[in-house]
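Read through the structure below, which is laid out as structure tokens, and then see the notes.
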Amino acid sequence: MAENSRDAILARIRRGLAQPAPQPPRPDFELAVHPPLSSSDLVVAFAESFQRIGGEFYYCESLPQLAEQIAGFQQRQQVGAPYVWEPALQQLLRSAGVAFQANETDFIEQAAVSLTSCEALVARTGSVLVTAASASGRRLSIYPDQHLVLARPSQVVAEIGDALRVVQQKYGAHLPSMLSLTTGPSRTADIEKTLVLGAHGPRRLALFLLEEAS
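For my numbering, count along the sequence shown from 1 and bump the result up by 13.
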């Protein structure tokens, strides 16, 4: 009986091997890899993606509104003046009447919040591309508990590849020593599947998008 069962199984295998396996449909390499963005307006698409991954998005039409939004953020989060090391950002904040810390005094002990610029914003993923090329260096986007970013609508691009091309066009053969695509607050669930914010970087990421004319 066992031999008959074995023969039957082997016979089915032989019949199956004798028939060619169906081939999967040929992919259309002309089709886009990703579905269309949520909005044809890249700024709107970025804002939606950025908030979906846990970022805080603030739109500012003018310098006074920027000052108001930053002050509101500081009040809600109970933080003081951010560390700002980029001269262009310092000048803009002075014009807006926003207080900041320009030096590294007590940075290690008191770096609760920082404010930096960025190279590009990716609408597809809601990512912020920062590099070590600015005066903010590596530390201001990684070490503080809360990272604020000031950007302009013209910095929004559709895809990660577009953001990398922006950096390549800007720096040519002298690429910065560090490029980081920051996608939402730092988080991990490696330990017992419990989500922990701020594990490897800032616990909170907020972006202030300031209109070009301001």
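Built from N, CA and C at the ideal position, the CB exists for glycine as well. Being a predicted model, the structure only gives us computed values, none of them experimental.
Buried or exposed: which applies to A24, given that a residue is buried once 16 or more other Cβ atoms fall within 10 Å of its Cβ? Working through the sequence shown from its first residue, we reach residue 24 at position 11. Exposed, since its Cβ has fewer than 16 Cβ neighbours within 10 Å.
Given L161 as reference, the closest of G197, L30 and P189 once Cα atoms are compared: Locating residue 161 in the sequence shown gives position 148, counting from the first residue. Checked all of G197, L30 and P189; the closest Cα to L161 is G197.
Would you mind sorting P38 into buried or exposed? The rule is 16 or more other CB atoms within 10 Å of its CB. Counted from its first residue, the sequence shown places residue 38 at position 25. Answer is exposed; the Cβ neighbour count stays below 16.
Contact between the region 49–69 and the region 117–124: three or more CB pairs below 8 Å? no
Using the Cα positions of G185 and R137, report the straight-line distance between them to the nearest angstrom. As a first step, residue 185 is located in the sequence shown; it is residue number 172 there, counting from the start. As a first step, residue 137 is located in the sequence shown; it is residue number 124 there, counting from the start. Going from the Cα of G185 to the Cα of R137 covers about 25 Å.
Would you mind sorting V46 into buried or exposed? The rule is 16 or more other CB atoms within 10 Å of its CB. Walking along the sequence shown from the start, residue 46 turns up at place 33. The residue in question, V46, is exposed, as its Cβ has fewer than 16 Cβ neighbours within 10 Å.
Can you tell me which of the three DSSP states V57 falls into? Along the sequence shown, read from residue 1 onward, the residue named residue 57 stands at position 44. Helix.
Report yes if the CB atom of R105 is closer than 7 Å to the CB atom of L142, and no otherwise. Here residue 105 corresponds to residue number 92 of the sequence shown, with the count starting at 1. Here residue 142 corresponds to residue number 129 of the sequence shown, with the count starting at 1. The residue you asked about is not Arg; residue 105 is Leu in the sequence shown. It is not a contact, given that the beta carbons lie outside the stated cut-off.
Using a Cβ-Cβ distance cut-off of 7 Å, determine whether F86 contacts chain C. As a matter of chain content, chain C is missing from the structure shown, which is built from one protein chain.
Per-residue DSSP class, three states only, for M14: Translated into positions along the sequence shown, residue 14 becomes position 1. With a pLDDT of only 48 at M14, under the threshold of 50, the placement of this residue in the model should not be trusted; the figure read from the coordinates follows. Three-state result, M14: coil.
Starting from V126, follow its DSSP beta bridges and name the residues at the other end. The count along the sequence shown starts at 1 and reaches residue 126 at position 113. According to DSSP, V126 bridges with Q159.
Could you tell me if S18 is buried or exposed, where buried requires 16 or more neighbouring beta carbons within 10 angstroms of its beta carbon? Walking along the sequence shown from the start, residue 18 turns up at place 5. With fewer than 16 Cβ atoms within 10 Å of its Cβ, S18 is classed as exposed.
With a floor of 3 residues, list each beta strand (DSSP E) that falls wholly inside the region 63–130, ordered by position along the chain. 69–73 and 126–129
Only counting the same chain, and skipping five residues up and downstream in sequence, which positions put a Cβ closer than 8 Å to that of M14? To locate residue 14, count along the sequence shown from 1; it is residue 1. Any answer about M14 is weak, because its pLDDT of 48 lies below 50 and its placement is not dependable; what the coordinates show is given next. Excluding sequence neighbours, M14 sits near nothing in its chain.
Pick from G67, P95 and P33: whose alpha carbon is nearest that of A112? Start at 1 with the first residue of the sequence shown, and residue 112 comes out as number 99. Ranking G67, P95 and P33 by Cα distance to A112 puts P95 first.
Does the distance from the CB of L188 to the CB of A164 come in under 7 Å? Position 175 of the sequence shown, counted from the first residue, corresponds to residue 188. Position 151 of the sequence shown, counted from the first residue, corresponds to residue 164. It is not a contact, given that the beta carbons lie outside the stated cut-off.
C-beta atoms of L223 and C73 nearer than 7 Å: Counting from 1 along the sequence shown, the entry for residue 223 is found at position 210. Counting from 1 along the sequence shown, the entry for residue 73 is found at position 60. It is a contact, given that the beta carbons lie within the stated cut-off.
Residues sharing a beta bridge with C143, DSSP: Position 130 of the sequence shown holds residue 143. At residue 143 the sequence reads Val, which differs from the Cys that was named. Answer is S193, bridged to V143.
Please list, in chain order, all residues of the same chain as P33 whose beta carbon is under 7 Å from its beta carbon, the five residues on each side excluded. As a working note, residue 33 is residue 20 in the sequence shown. Once the five neighbours on either side are set aside, P33 has no close Cβ partner at all.
Grab me the residues of R217's own chain with a C-beta within less than 6 Å of its C-beta, minus the 5 sequence neighbours each way, in chain order. Translated into positions along the sequence shown, residue 217 becomes position 204. Closer than 6 Å at Cβ, skipping near neighbours: Q159 and P198.
Buried or exposed for L153, please, with buried defined as at least 16 other CB atoms from any protein chain shown within 10 angstroms of its CB. What you label residue 153 is simply residue 140 of the sequence shown in a count that begins at 1. Counting Cβ neighbours within 10 Å, L153 comes out buried, since at least 16 surround it.
Nonlocal neighbours in the same chain, by C-beta distance under 7 Å from V169, ignoring five residues either side: In the sequence shown, residue 169 corresponds to position 156, counting from 1. Closer than 7 Å at the Cβ level, and outside the excluded window around V169, lie L55, V56, F59, L134 and A136.
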